[in-house]
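Those sequence lines, one after another, are chains A and B. Taken in order, the first sequence gives residues 1 to 182; the numbers are from the working numbering. Taken in order, the second sequence gives residues 1 to 587; the numbers are from the working numbering. Virtual Cβ for every residue (Gly too), placed ideally from N, Cα, C.
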Amino acid sequence: MTKSKSAYSTPTKSGKIDTHIIVVWVDNEASVLSRVVGLFSGRGYNIESLAVAEVDHKKNLSRITIVTTGTPQVIEQIVLQLKKLVPVHNVANFKRDDKNVIFREMALLKIVANPIKIKKALNTCKNFNPVVLDQTKKSVVIQITALRREIDNMIKNLKPLGLVSASRTGAVAMTRGAEILN
Amino acid sequence: MPKLYSGAEIVFKCLEDQKVEHIFGYPGGAVLPIYDELKNHPSIKHILVRHEQGAGHAAEGYARSTGKPGVVLVTSGPGATNVVTALTDAYMDSVPLVCISGQVPTHLIGTDAFQECDTTGITRPCTKHNWLVKNINDLPRIMHEAFEVATTGRPGPVLVDIPKDIQFAKTKYFKPSKKKSNLKIKNRFKQKDIDQLIDLMSKAKKPIFYTGGGVINSGPKASELLRELVSLTGFPITSTLQGLGAYPGDDNQFLGMLGMHGTYEANNAMHDCDLLINIGARFDDRITGKIDEFSPKSKKVHIDIDPSSINKIVKVDLSIVGDVVDVISSTTKTLKKKNLNLVKSNKQKISNWWQQIQKWRKKQSLSYIGSDKIIKPQYAVERLYELTKKQDTFITTEVGQHQMWAAQHYKFNKPNRWMTSGGLGTMGYGLPAAIGVQVAHPKKLVVDIAGEASILMNMQEISTAVQYNLPIKVFILNNQYMGMVRQWQELLHEKNYSESYSKALPDFVKLAEAYGCVGICAKEPNELDEKIEEMINTDRPVIFDCHVDQDENCFPMIPSGKPHNQMLLGPNDQEANKISGKGKALV
Numbered sequence: 001m002t003k004s005k006s007a008y009s010t011p012t013k014s015g016k017i018d019t020h021i022i023v024v025w026v027d028n029e030a031s032v033l034s035r036v037v038g039l040f041s042g043r044g045y046n047i048e049s050l051a052v053a054e055v056d057h058k059k060n061l062s063r064i065t066i067v068t069t070g071t072p073q074v075i076e077q078i079v080l081q082l083k084k085l086v087p088v089h090n091v092a093n094f095k096r097d098d099k100n101v102i103f104r105e106m107a108l109l110k111i112v113a114n115p116i117k118i119k120k121a122l123n124t125c126k127n128f129n130p131v132v133l134d135q136t137k138k139s140v141v142i143q144i145t146a147l148r149r150e151i152d153n154m155i156k157n158l159k160p161l162g163l164v165s166a167s168r169t170g171a172v173a174m175t176r177g178a179e180i181l182n
Numbered sequence: 001m002p003k004l005y006s007g008a009e010i011v012f013k014c015l016e017d018q019k020v021e022h023i024f025g026y027p028g029g030a031v032l033p034i035y036d037e038l039k040n041h042p043s044i045k046h047i048l049v050r051h052e053q054g055a056g057h058a059a060e061g062y063a064r065s066t067g068k069p070g071v072v073l074v075t076s077g078p079g080a081t082n083v084v085t086a087l088t089d090a091y092m093d094s095v096p097l098v099c100i101s102g103q104v105p106t107h108l109i110g111t112d113a114f115q116e117c118d119t120t121g122i123t124r125p126c127t128k129h130n131w132l133v134k135n136i137n138d139l140p141r142i143m144h145e146a147f148e149v150a151t152t153g154r155p156g157p158v159l160v161d162i163p164k165d166i167q168f169a170k171t172k173y174f175k176p177s178k179k180k181s182n183l184k185i186k187n188r189f190k191q192k193d194i195d196q197l198i199d200l201m202s203k204a205k206k207p208i209f210y211t212g213g214g215v216i217n218s219g220p221k222a223s224e225l226l227r228e229l230v231s232l233t234g235f236p237i238t239s240t241l242q243g244l245g246a247y248p249g250d251d252n253q254f255l256g257m258l259g260m261h262g263t264y265e266a267n268n269a270m271h272d273c274d275l276l277i278n279i280g281a282r283f284d285d286r287i288t289g290k291i292d293e294f295s296p297k298s299k300k301v302h303i304d305i306d307p308s309s310i311n312k313i314v315k316v317d318l319s320i321v322g323d324v325v326d327v328i329s330s331t332t333k334t335l336k337k338k339n340l341n342l343v344k345s346n347k348q349k350i351s352n353w354w355q356q357i358q359k360w361r362k363k364q365s366l367s368y369i370g371s372d373k374i375i376k377p378q379y380a381v382e383r384l385y386e387l388t389k390k391q392d393t394f395i396t397t398e399v400g401q402h403q404m405w406a407a408q409h410y411k412f413n414k415p416n417r418w419m420t421s422g423g424l425g426t427m428g429y430g431l432p433a434a435i436g437v438q439v440a441h442p443k444k445l446v447v448d449i450a451g452e453a454s455i456l457m458n459m460q461e462i463s464t465a466v467q468y469n470l471p472i473k474v475f476i477l478n479n480q481y482m483g484m485v486r487q488w489q490e491l492l493h494e495k496n497y498s499e500s501y502s503k504a505l506p507d508f509v510k511l512a513e514a515y516g517c518v519g520i521c522a523k524e525p526n527e528l529d530e531k532i533e534e535m536i537n538t539d540r541p542v543i544f545d546c547h548v549d550q551d552e553n554c555f556p557m558i559p560s561g562k563p564h565n566q567m568l569l570g571p572n573d574q575e576a577n578k579i580s581g582k583g584k585a586l587v
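Right, dumping it as structure tokens:
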């Protein structure tokens, strides 16, 4: 028997880790984002991406979409702890493979290369609603929308074609059909 | 046109409407307009502390002994940072506090002004919620909301940061609104949950109640109802550190405290039970030990007002989210209505269980080897209990061995009589907490059971006690060591007593005299009773320096990473069973 020198118990085995998308409706007030983010960092939860903006000017509501990973127990805690925050109105929680929910992320990609490579790059993007926002002889800025993993792949594929800068929004989510969340 | 009030006036109007009678605080530049207004509000008494941490703990003692929120008033910068420990302490132990802090004027915020700090940023993780008031028109609403957040659901601390220019600015005042806000929805359980609980109770052969601070926070009625429920069912009951007093400590159905320094019978019963009913406790790691082996054979029920407490640490079979008062009263009602017969048959069903518990009890796990030469700390607490039990006594503690001995050997019969820092474990809590308790209960006996190391952390507050004629008793179990640190070093670190001995200590009797209170010193067991009587009969603050055995350890204990049924017992038992060698390996 190994002798523990700690005043605390040893960690127990943890469950399977899943990716979840958590949507939080909050009052759009000073420091509300730091309350939400502080809860994650303070309790050791993970944030993979974060998207936030006001969605209802009249009611002063913002919608925060957080991609996180954790065991089922941790995800349950995240939802319950978020609900305890005073400016939080509602919290929704989806598994990444939930078929009833649409997830999208937008990226702006700057490519600096010769025209042949730029053409190739545009071609590579064709499945992800590419929009050319700016073009010069030496460069192009492309906007694409896709799933997170798809954008990950695109960035990998575009590196050899002259990708010099990428800016991403983080995932946002919406349910399918006529149903609404809040 | 309605009358306009300054921010400072609004603070007090709100305190009056919230029926606040006492505030604990310390003035400073950024909070002076509020202090200036104090004289116009005779119904509110201000207690001037010596350090802002003391104000926070005093307000905690006040809140825990009355059930009302404690109010703290501090200045910006160091005033606010000094109160952070107390806010964190209150957050961990679910104590309702409203802290009002001054802030530099709004136009200077963010400029590193004199005594500026990001108060709301610093206190965000240690409050239920906090507000920086940037517009005077928001102040009345925020002040009322602060009291509502602090006192509803699972109580806790809140902070309102008010810049100096807002304290001068004027606006209209309005009273708190009566309409129910979302915060007030506390009960989310249905009758079918109660039915399910009763079904589990009727099937159980080895049931146990495990109750915590939630019962105390639910109000004195909850303790009454708990007593009725326990007597109706005939089940054994154990309590966490914070729950002591909710059920009478000298009752036969009470197994004593559970957890790391809990009794042998309570911990074994937790381990072997087939139904565990948690009422207002949170499966703290000092209680559960190793989670994998925590109460492995039981169905678990968790009654808590905070939904995030459920399944946080231990997965439960039935969760009932609601106020303890309402849950127990529904349970008792249903039990009486449906199952009168069950109550009787139940008692028979669990008679074997009680026999087993009696066997565990025979170990007498709280016993210790007495002495007629040196005062044993356990003996000191026992004598204090015997000599004070006839009057309504309030006990606070610091943190360490003395705290555990107090929990083990002092028997509480009423709720709100026991104030101790459990979650955060804050040394220096007990003296200011005793001040807060005495302010709320001026005629009652208030004793801070202390250690000589802890007491020095907020020693300055004895000056507050003297200023307001608060006859608190500081009962120091003086072993010259940080006792709990020394104990761990003895058991786990090969007796390397690294920095746990205080080579220089003040003469506490002279110190008491210097502060203007009374000092008493006891060194031998035969003088103890007489000196304790002298302490009780002194109507002034007393520092009692009780010299105790330096080598005494706090037993029983669950060694780290061990389940409840592998307790380490005291030296009596170790010798009798020759397990001292093996016992050490268990640690």
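- Looking at the backbone, the Cα of residue 216 (chain B) and that of residue 417 (chain B) are separated by about 10 Å.
- Per DSSP, the unbroken beta strand (DSSP E) holding residue 143 (chain A) starts and ends at 139–146.
- Residues of the stretch 122–144 of chain B with a C-beta less than 9 Å from any C-beta of chain A: 124, 125, 128, 129, 130, 132, 134, listed in chain order.
- For residue 54 (chain A), the three-state secondary structure derived from DSSP is strand.
- Taking a beta-carbon distance threshold of 8 Å, residue 17 (chain B) does not count as an interface residue toward chain A.
- Within the same chain, and ignoring the five residues on either side of residue 177 (chain B) in sequence, the residues whose Cβ sits closer than 8 Å to its Cβ are 144.
- Legend: CB atoms of the stretch 267–295 of chain B lying less than 8 Å from CB atoms of chain A belong to residues 285, 288, 289, 290, 291, 292.
- Check the Cα spacing between residue 71 (chain B) and each of B:107, B:116, B:12: the tightest is with B:12.
- At a cut-off of 8 Å between beta carbons, residue 29 (chain B) makes no contact with chain A.
- No residue range can be given for residue 305 (chain B), since it is assigned to no beta strand (DSSP E) and is classified by DSSP as neither H nor E.
- With its beta carbon at least 8 Å from every one in chain B, residue 133 (chain A) lies outside the interface.
- Secondary structure note for residue 40 (chain A): its alpha helix (DSSP H) is the uninterrupted segment 32–42.
- For residue 15 (chain B) and residue 248 (chain B), the gap between their C-alpha atoms comes out near 35 Å.
- Between the C-alpha atoms of residue 521 (chain B) and residue 24 (chain B) there is a straight-line separation of about 31 Å.
- In summary, the residues of the stretch 302–333 of chain B whose CB is separated from some CB of chain A by less than 7 Å are 307, 308, 311, 312, in the order they occur in the chain.
- Looking at the DSSP output, residue 512 (chain B) sits in no beta bridge, so it has no partner there.
- Excluding its 5 nearest sequence neighbours in each direction, residue 107 (chain B) has C-beta neighbours in its own chain below 8 Å: 165, listed in chain order.
- Sequence-distant partners of residue 316 (chain B) (beyond 5 residues in either direction) whose C-beta falls short of 7 Å from its own C-beta, in its chain, are 300, 301, 302, 310.
- Using a C-beta cut-off of 8 Å, the stretch 116–127 of chain A makes no contact with the stretch 164–178 of chain A, since fewer than three inter-stretch Cβ pairs fall below that distance.
- Residue 173 (chain A): member of the beta strand (DSSP E) spanning 172–175, first to last residue.
- Per DSSP, residue 143 (chain B) lies in no beta strand (DSSP E) segment; the continuous alpha helix (DSSP H) that holds it begins and ends at 139–151.
- Nearest CB-CB separation between residue 259 (chain B) and chain A: not below the 8 Å threshold.
- Secondary structure at residue 270 (chain B): helix, using DSSP grouped into helix, strand and coil.
- Counting other Cβ atoms within 10 Å of its Cβ, residue 370 (chain B) stays below 16 and is therefore classed as exposed.
- Residue 561 (chain B) has a beta carbon lying within less than 8 Å of a beta carbon in chain A.
- Scanning chain A for C-beta atoms nearer than 8 Å to the C-beta of residue 120 (chain B) yields 31, reported in chain order.
- 35, 38, 42: these are the residues of the stretch 35–48 of chain A whose beta carbon lies less than 7 Å from some beta carbon of chain B, given in chain order.
- Looking at the backbone, the Cα of residue 158 (chain A) and that of residue 563 (chain B) are separated by about 55 Å.
- Straight across, the Cα-Cα distance linking residue 162 (chain A) with residue 35 (chain A) is about 39 Å.
- Taking the CA atoms as reference points, residue 397 (chain B) sits about 4 Å from residue 430 (chain B).
- Taking residue 94 (chain A) as the centre and dropping the five residues before and after it, the same chain places the C-beta of 21, 101 closer than 6 Å to its C-beta, in chain order.
- For residue 104 (chain A), the enclosing beta strand (DSSP E) has its first and last residue at 101–112.
- Going by beta carbons, residue 350 (chain B) and residue 205 (chain B) fall inside the 8 Å limit.
- Nearest neighbour of residue 264 (chain B) by Cα position, chosen from B:241, B:221, B:367, turns out to be B:367.
- Interface criterion not met: the Cβ of residue 14 (chain A) is under 8 Å from no Cβ in chain B.
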